[in-house]
Each structure stands twice: as C-alpha cells, then as structure tokens.
Amino acid sequence: MRHLFLALIFSALSVTALRAQSAEEAIPSVIQKQIDAFLTDDLAEAFSYASPGIKSIFETPERFGAMVLDGYPMVWRPDDVTFLELDDANRQRVLLQGQDGRLHLLEYDMIQTPDGWQIDGVRLLQPPRFGA
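If you want it as structure tokens, here you go:
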C-alpha cells in the first residue's frame, strides 16, 4: 500500500513537471508564431493566437491588426525578439528591438484553452536601462 501511495505521488509530480515544461516551450512558440504572422501580414493567422476574450473585443482580424499596428508597432515588425522569464501566472516577458533600434519590454498574459495556449493581453513595461 505504501508503495502504491509513493507511486501516485511521483506520478502526480511527473505530470506537474511535464505541464510546466510544456508551458515553458509552448508559450514562447505561440508568441513567436503570432509575430511571424505579423511579419508576413497574415492577420487571420495572427488573430488565431488571440484568446476568445480578445477575439470578442476586436471581432475581426483586420480590427485586431489595426490595434496592434497603432498601439504596438514594435510587435508588427521587430528587428529582434528575446524571450525572458515566464512567471507562475503564465505571464511571458519579451524584449523586442524595434526597427528604430529602441528596446521595448512587453509582458504577454497567456491562457490555456481547448485550442492550446493563447494570448490574453499584452502590456508595455518600462524597458531595461543599460549603461553606467
């Protein structure tokens, strides 16, 4: 009986570790795929990575694309993308370098849906400061 209990505990821990590993791999992939879709002007593909809540707000890929282009131009055509930490609340920080050379720090809120991980919001944070 004791061995069965220990086996159940180890199984539960293994599943938790696999889920965490899966999120750490899947979340940056989803964000990168959306950025890649913007790079090719594929608004329908970019919109497919948005959560149901975001989709209900913007309703069409064109409206969604207009919002991103107006509010987050650095996401539309970044020169460089660096994925930073993913926190326990599934918020992924991403450092983007815009075409103007400026660095932008964004935080993506991610949710898991029946369709997989989706983007549920993005916030522009204070960029890191470099220098003396």
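Mind the numbering: the sequence shown is residues -22 to -1, 1 to 110 in mature numbering (1 follows the signal peptide of the UniProt record, and there is no 0), read in order. Yeah, the Cβ is synthetic: ideal placement off N, Cα and C, and Gly gets one too. Just so you know, these numbers come straight off a predicted model, no measurement behind them.
(1) My guess is that residue 61 and residue 46 are in contact by the Cβ rule of under 8 Å, so how many angstroms apart are they, rounded?
(2) Applying the 10 Å Cβ sphere with the 16-neighbour rule, what's the burial state of residue 74?
(3) Which of helix, strand or coil does DSSP assign to residue 94?
(4) Can you round the beta-carbon distance between residue 21 and residue 39 to whole angstroms, since I take them to be within the 8 Å contact cut?
(5) Short of 6 Å in beta carbon distance, which residues of its chain neighbour residue 12, apart from the five on each side in sequence? Order them along the chain.
(6) Would you give the residue range spanned by the alpha helix (DSSP H) that residue 71 belongs to?
(7) Nearest-angstrom Cα distance between residue 7 and residue 95?
(8) Using the three-state DSSP reduction, which class does residue 99 fall into: helix, strand or coil?
(9) Pull up the distance between the alpha-carbon of residue 65 and that of residue 31, whole angstroms please.
(10) Go ahead and label residue 79 buried or exposed: buried means 16 or more other beta carbons lie within 10 angstroms of its beta carbon, across all protein chains shown.
(11) For the beta strand (DSSP E) containing residue 58, list its first residue and its last residue.
(12) Is the separation between the beta-carbon of residue 69 and that of residue 52 shorter than 9 Å?
If we stick to the structure as given:
(1) Distance from residue 61 to residue 46 at the Cβ level is roughly 19 Å; contact not present, criterion being Cβ atoms closer than 8 Å.
(2) Residue 74 comes out buried.
(3) If DSSP states are grouped into helix, strand and coil, residue 94 belongs with the strands.
(4) With a Cβ gap of about 4 Å, residue 21 and residue 39 count as contacting.
(5) Listed in chain order, the non-local C-beta contacts of residue 12 below 6 Å within the same chain comprise 24, 27, local neighbours out to five positions each way being set aside.
(6) Element bounds for residue 71: not the alpha helix (DSSP H) but the beta strand (DSSP E), 69 to 75.
(7) Computed Cα separation, rounded: 9 Å.
(8) Strand at residue 99.
(9) Their backbone Cα atoms lie some 21 Å apart in a straight line.
(10) Exposed: under 16 other Cβ atoms inside 10 Å.
(11) Taken as a continuous stretch (DSSP letters only), the beta strand (DSSP E) holding residue 58 covers 58 to 64.
(12) No, these two residues do not count as a Cβ contact at 9 Å.
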